[in-house]
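Peer 1:
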Amino acid sequence: EYLYGICDGHGLAGHEVSAHIRSHLPGLISDDPNYNSNVKVALKNAFVKEDVLLDKSPFDSNLSGSTCCMVFMRDHKLFCANAGDSRAVIASKTEKRWLAKPLSRDHKPNETDERKRVEANNGRIDAFRDYSGTPMGPLRVWVKPRVGLKIPGNLPGLAMTRSLGDGVASLVGVTAEPEVYEYNIDPDMDKFIVIASDGVWEWMSNSECVKIVAPYYERNDAAGAAEALVEDSTQRWLSREEVVDDTTCVVIFF
Numbered sequence: 597e598y599l600y601g602i603c604d605g606h607g608l609a610g611h612e613v614s615a616h617i618r619s620h621l622p623g624l625i626s627d628d629p630n631y632n633s634n635v636k637v638a639l640k641n642a643f644v645k646e647d648v649l650l651d652k653s654p655f656d657s658n659l660s661g662s663t664c665c666m667v668f669m670r671d672h673k674l675f676c677a678n679a680g681d682s683r684a685v686i687a688s689k690t691e692k693r694w695l696a697k698p699l700s701r702d703h704k705p706n707e708t709d710e711r712k713r714v715e716a717n718n719g720r721i722d723a724f725r726d727y728s729g730t731p732m733g734p735l736r737v738w739v740k741p742r743v744g745l746k747i748p749g750n751l752p753g754l755a756m757t758r759s760l761g762d763g764v765a766s767l768v769g770v771t772a773e774p775e776v777y778e779y780n781i782d783p784d785m786d787k788f789i790v791i792a793s794d795g796v797w798e799w800m801s802n803s804e805c806v807k808i809v810a811p812y813y814e815r816n817d818a819a820g821a822a823e824a825l826v827e828d829s830t831q832r833w834l835s836r837e838e839v840v841d842d843t844t845c846v847v848i849f850f
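According to our numbering, the sequence shown is numbered sequentially starting from 597.
What follows is the structure in structure tokens.
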């Protein structure tokens, strides 16, 4: 059995949230009563339990949180549990080419079902707007002002619809419950997995990612592959923006 994952924190206490997840989530998964019989349920339960622990932690996670994308492997079965906009991809090799297969879905406000859940919980989906009312950047989750609610409508401005932490966003439908994808590993075709934060995926497709990693797989250099992904994604950010997003990745060779 193997467990791999990444967290991408955001907000003032984002680093504390991600560190808390790293320290507590693996134990919550293995301690769940469904661990041996139904890993899918165990993963979902563990994410939700960790979210409750974060709410009771000594640091303030009301406006801070983290994505979490985890891959659990048992024999030739793989389970990917994801909450947020980090992503996992598995690479398969045929006789003629490499194939990139997503193991997770990005939880963004533009996804129809995610948007419906937020709006059903009195949330509002809109981009940040400047003083002239012009939309800027991606769609975000906001609190919809209403009588009796003491939270201002300019919060939280979260660019994802699932996360751990983010107490304010959870009031309007942002959930820590992950989507869990099940996959049967083909030892003859499946060669490696990449789990990465949106700092990698913002300007890079799944296929481009696999193309960068593939040469490193051929020479069994997983660390070199991870470094190459971070370097390539950083250059893509610098060619388009004045800032570079936090970039985290894990590369697993079979």
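Where a beta carbon is used, it is the ideal one built from N, C-alpha and C, also for glycine.
Count Cβ pairs between the region 728-740 and the region 654-671 that sit closer than 8 Å; are there 3 or more?
Peer 2: Contact between the region 728-740 and the region 654-671 is absent, because fewer than three Cβ pairs lie under 8 Å.
Peer 1: Would you call Val743 buried or exposed, if buried means 16 or more other Cβ atoms sit within 10 Å of its Cβ?
Peer 2: A caution first: Val743 carries a pLDDT of 49, below 50, which makes its placement in the model unreliable, though a value can still be read off. Flag for Val743 reads exposed.
Peer 1: Which one of Gly753, Lys740 and Tyr631 has the shortest CA to CA distance from Arg725?
Peer 2: Ranking Gly753, Lys740 and Tyr631 by Cα distance to Arg725 puts Gly753 first.
Peer 1: Quick check for students: name the residue ranges of the beta strand (DSSP E) that lie wholly in the region 687-766, counting only runs of 3 or more.
Peer 2: Complete beta strand (DSSP E) runs here, min 3: 694-698, 719-725, 731-739 and 752-754.
Peer 1: Under the DSSP definition of a beta bridge, which residues are partnered with Ile789?
Peer 2: Ile686 and Ile848.
Peer 1: Along the chain, where does the beta strand (DSSP E) containing Trp602 start, and where does it finish?
Peer 2: It is worth fixing the name first, because residue 602 is Ile in this sequence and not Trp. Its beta strand (DSSP E) spans residues Tyr598 to His606.
Peer 1: Who are the near neighbours of Asn717 in its chain, counting only those whose CB is closer than 7 Å to its CB and skipping five residues on each side?
Peer 2: Hits under 7 Å: Val768 and Gly769.
Peer 1: Answer with buried or exposed for Thr757, where buried requires no fewer than 16 other C-beta atoms within 10 angstroms of its C-beta.
Peer 2: That one is buried.
Peer 1: Closest to Asn706 by CA distance: which of Asp722, Glu827 and Ala696 is it?
Peer 2: Taking only the C-alpha atoms, the option nearest Asn706 is Asp722.
Peer 1: Hey, would you say Val809 sits closer than 7 Å to Ala821, going by beta carbons?
Peer 2: In contact: Val809 and Ala821 (Cβ atoms closer than 7 Å).
Peer 1: Just to confirm, are Val667 and Gly761 a CB contact at a threshold of 7 Å?
Peer 2: Contact flag unset, no.
Peer 1: Between which residues of its own chain and Tyr631 is the CB-CB distance below 6 Å, once the five residues before and five after are set aside?
Peer 2: Ala638, listed in sequence order.
Peer 1: In whole angstroms, what separates the C-alpha of His672 from that of Asp702?
Peer 2: Looking at the two C-alpha atoms, the distance is approximately 25 Å.
Peer 1: Can you tell me which residues form a DSSP beta bridge with Phe668?
Peer 2: Its beta-bridge partners are Leu599 and Phe675.
Peer 1: Measure the CB-CB distance between Phe569 and Lys787 and report whether it falls below 7 Å.
Peer 2: One cannot answer for residue 569 here, as it falls past the ends of the chain, which runs 597 to 850.
Peer 1: What's the gap between the Cα of Cys676 and the Cα of Tyr600?
Peer 2: Computed Cα separation, rounded: 9 Å.
Peer 1: Hey, would you say Leu649 sits closer than 7 Å to Tyr779, going by beta carbons?
Peer 2: No, these two residues do not count as a Cβ contact at 7 Å.
Peer 1: Just the Cα atoms here: how many angstroms apart are Ala813 and Glu837?
Peer 2: Sequence inspection shows Tyr at residue 813; the Ala mentioned does not correspond to that position. Cα-Cα distance, rounded: 30 Å.
Peer 1: Would you decide whether Thr663 is buried or exposed? Buried here means 16 or more other CB atoms lie within 10 Å of its CB.
Peer 2: By the neighbour-count rule (16 or more Cβ atoms within 10 Å), Thr663 is buried.
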